[in-house]
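Residue numbers (this note's numbering), protein chains in the order written: chain A, 1 to 313; chain B, 1001 to 1436.
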């Protein structure tokens, strides 16, 4: 009998990359379902186009550079799904494809592939799309019928409280990007990921907590609490905090670092919302924080074992 | 005050597999191969020649310095004195004895006075002469650890955590001979005079805990501590932290924080040596895993081959992939089943193909699960990256040498990186760079 001699450990846990990616996809489905329900079948087509474009981009890239087929880890499906869900249902198809090619090929694969990229591929893809064709990214269909309308965030720029009720905002009966409208569905997905131990609650909690505190203190209306709630429920902050800021490759690995990172994302989001050119600031807030991850990790590294605070043990 | 160690994991323990067969069966092998090195330190020199008749318990090897003797574990005839395969992977000088199965035994000359009236020297010398080493895996000479702890410790710890999956050797010992362990603790309490003496066990050993609880009233001053099961609780530094809150700094020994840790099997061996005059010639070994027909614990003579043990346990499955000396998390995979059980071997673990879960193309996702799992507060993903890049400066800065190779990071890694394997290589590089 030929026995294998290899390094310990000789057993491993059940966590696998492709299972984690499947969990993220499952966690996104409720938000996608609400998006399709509210904004119509076009939105499903947009998201499907996005996923297929991401898959094909990575598959073709692997063929060209003659590497093994990395689509099997399913991470490109997550990228395509996430990118698609940040788009309005009226986005042109060619733009969706261009965004995914950029996200997968330039941002992910050319930076070394899974786990090596500095910037979140889905958000970088979205930023790229806004750069090359802003008009295609900013026409939002109204809830239920497909006439373009202003999102709640557009009201808030004025500044004024949106006309939509808080309940509609929470459930998702509002205008906006396909996957961002239902806070409830996103929170359900987030809870699933925390329960499955795919993500830690630290980053989303720090992110949303910072947004809450800042909007409460710096309310632009006479109703700070309402302003805070609308700020949390409007725009892409839920989707960003739960699904984008927790992206493994582009967020810190230390517990303390994840908190700092979440606070940074939240603060920048509000900064961009209040002073930026666009009503929303989530995309650029997270992309900017992506660039700080290595520094955060380095300065939040755990202390050495046996060296408690205040010198030697 | 409750303390807990950092990180850790909850693997599937599979301990019930090997606890069914009682009482424990004793294996009487045809031949034994007794290596001259079964401890950390200088090897023994053989004291016998081919053709000599030896008795069980007779000293057949000894040496100078950091060294404890080895003894014949059966009576019979020496048929070879030559290098033989050893669980360490190297060939080691060994005395091969053909068993005459009479078990004619010679004991150590010990005092008949009660332990409380004996001098420290007398007791330490008996521990040395019995060839006692740390039986939890490290195999550090017992008398030396005791000697270097004298006057410096406040807490004496008996380690029965046995946190590695599958292994139930210490558990079996506590279920069958708990009084030997407690008596052994009394002996070292007499020598080391610690303020606290703790028997630490994880809460997945209900029977053992019950047996010890029954006896405790007769052993005033010994405290039983039942810890929540989590790997690697039984690692020395982690156990000390769980029990006392103290962290043993990198590169230092438990005595630096006033603790001494011995495995429960070591305590039982100390009792048998000091009170019964019996050298260390046998131990309990778990033979388990999905690839073995009848998993169980055996009382095994030192020098019995893995092959004999496996045969006694009903043999290997056709799809066996690995036979491991020790546990699945930290044990050493063996290529040659002729290797003998040594004093520190607590388990022969047989695993099937595909149980390892390794991936062909390991990829780091940066998920950070390894950071959360590391009980030594290291950042395995960065150590891995810098090891691959040969960046010794960063490996030093990130304290690679603190790594205890427990495998928690590799176990938990969804990308299936060969973390421990690379860390061993990285440590070797650091050691080589230092010695230059």
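Glycine included, each C-beta is placed from N, C-alpha and C at the ideal position. Keep in mind the model is a prediction, meaning the values are calculated, not measured.
Go to residue i, then tell me how far its beta strand (DSSP E) extends in each direction, as first and last residue.
i	result
residue 1156 of chain B	1155-1160
residue 1332 of chain B	1332-1334
residue 1262 of chain B	1259-1263
residue 1198 of chain B	1196-1202
residue 1325 of chain B	1320-1325
residue 1027 of chain B	1025-1027
How would you list, in chain order, the residues of chain A whose beta-carbon sits under 9 Å from the beta-carbon of residue i?
i	result
residue 1250 of chain B	304, 305, 306, 307
residue 1402 of chain B	304, 305, 306
residue 1383 of chain B	Correct list: empty, because the minimum Cβ distance to chain A is about 11 Å.
residue 1357 of chain B	11, 12, 13, 14, 16
residue 1424 of chain B	7
residue 1411 of chain B	9, 11, 12, 13
Any idea which residues DSSP pairs residue i with across the strands?
i	result
residue 1347 of chain B	B:1286
residue 1062 of chain B	B:1045
residue 1094 of chain B	B:1035, B:1082
residue 1231 of chain B	B:1009
residue 1105 of chain B	B:1056
Starting from residue i, trace the alpha helix (DSSP H) in both directions and tell me its first and last residue.
i	result
residue 1080 of chain B	No alpha helix (DSSP H) contains residue 1080 of chain B, which is instead part of the beta strand (DSSP E) from 1076-1085.
residue 164 of chain A	Residue 164 of chain A -> no alpha helix (DSSP H), and no H or E assigned at all.
residue 1298 of chain B	Per DSSP, residue 1298 of chain B belongs to no alpha helix (DSSP H); it is in the beta strand (DSSP E), 1296-1301.
residue 128 of chain A	121-132
residue 80 of chain A	75-85
Using the rule of at least 16 other Cβ atoms within 10 Å of the residue's Cβ for burial, across every protein chain shown, is residue i buried or exposed?
i	result
residue 145 of chain A	Residue confidence for residue 145 of chain A is low, a pLDDT of 47 falling below 50, so the modelled location carries little weight and cannot support an answer.
residue 1032 of chain B	buried
residue 132 of chain A	exposed
residue 1171 of chain B	buried
residue 1174 of chain B	buried
residue 11 of chain A	buried
residue 310 of chain A	The pLDDT assigned to residue 310 of chain A is 48, lower than 50, so where the model puts this residue is not dependable; a value taken from the coordinates is nonetheless given after this. Burial call: exposed.
residue 108 of chain A	buried
residue 19 of chain A	exposed
residue 1166 of chain B	buried
residue 1112 of chain B	exposed
residue 1116 of chain B	exposed
residue 217 of chain A	exposed
residue 1346 of chain B	buried
residue 1 of chain A	exposed
residue 299 of chain A	exposed
residue 147 of chain A	Per-residue confidence for residue 147 of chain A stands at a pLDDT of 46, beneath the threshold of 50, marking its modelled position as unreliable; the derived number appears in the next sentence. Residue 147 of chain A is exposed by the Cβ-count criterion.
residue 49 of chain A	buried
residue 1434 of chain B	exposed
residue 104 of chain A	buried
residue 169 of chain A	buried
residue 1109 of chain B	exposed
residue 1007 of chain B	buried
residue 275 of chain A	exposed
Which whole-angstrom value is the C-beta distance of residue i and residue j, which I expect to be below 8 Å?
i	j	result
residue 1326 of chain B	residue 1292 of chain B	The Cβ separation is near 15 Å, so there is no contact.
residue 1119 of chain B	residue 1260 of chain B	Actually they are not in contact, since the Cβ atoms of residue 1119 of chain B and residue 1260 of chain B sit about 19 Å apart, beyond 8 Å.
residue 77 of chain A	residue 25 of chain A	6 Å
residue 244 of chain A	residue 127 of chain A	That belief does not hold up - the Cβ atoms of residue 244 of chain A and residue 127 of chain A are roughly 12 Å apart, past 8 Å.
residue 21 of chain A	residue 75 of chain A	5 Å
residue 1169 of chain B	residue 1297 of chain B	6 Å
Residues of chain A with CB closer than 7 Å to the CB of residue i, please, in chain order.
i	result
residue 1324 of chain B	10
residue 1399 of chain B	304
residue 1030 of chain B	The premise fails here: residue 1030 of chain B is roughly 21 Å from chain A at the closest Cβ pair, so nothing lies under 7 Å.
residue 1095 of chain B	Correct list: empty, because the minimum Cβ distance to chain A is about 26 Å.
residue 1396 of chain B	Neighbours of residue 1396 of chain B on chain A: none; closest Cβ ~12 Å, over 7 Å.
residue 1104 of chain B	Result: empty, since nearest Cβ-Cβ is about 36 Å, beyond 7 Å.
Which chain B residues are close to residue i, counting only those with a beta carbon under 8 Å from its beta carbon?
i	result
residue 194 of chain A	Going along chain B, no residue has its Cβ under 8 Å from residue 194 of chain A, so there is no contact; the nearest lies around 14 Å.
residue 115 of chain A	1363, 1364, 1365, 1366, 1415
residue 254 of chain A	1368, 1371, 1379
residue 248 of chain A	1365, 1366, 1367, 1368
For a contact meaning CB atoms closer than 9 Å, what does residue i contact in chain B?
i	result
residue 3 of chain A	1320, 1321, 1322, 1323, 1333, 1334, 1335, 1336, 1337
residue 68 of chain A	1360, 1361
List, in chain order, every chain A residue whose beta-carbon is nearer than 8 Å to that of residue i.
i	result
residue 1377 of chain B	302, 303, 304, 305
residue 1330 of chain B	8, 9
residue 1011 of chain B	11, 13
residue 1316 of chain B	1
residue 1085 of chain B	Near residue 1085 of chain B there are no residues of chain A at all, since even the closest Cβ is about 12 Å away, more than 8 Å.
residue 1351 of chain B	10, 11
For a contact meaning CB atoms closer than 7 Å, what does residue i contact in chain B?
i	result
residue 20 of chain A	1414
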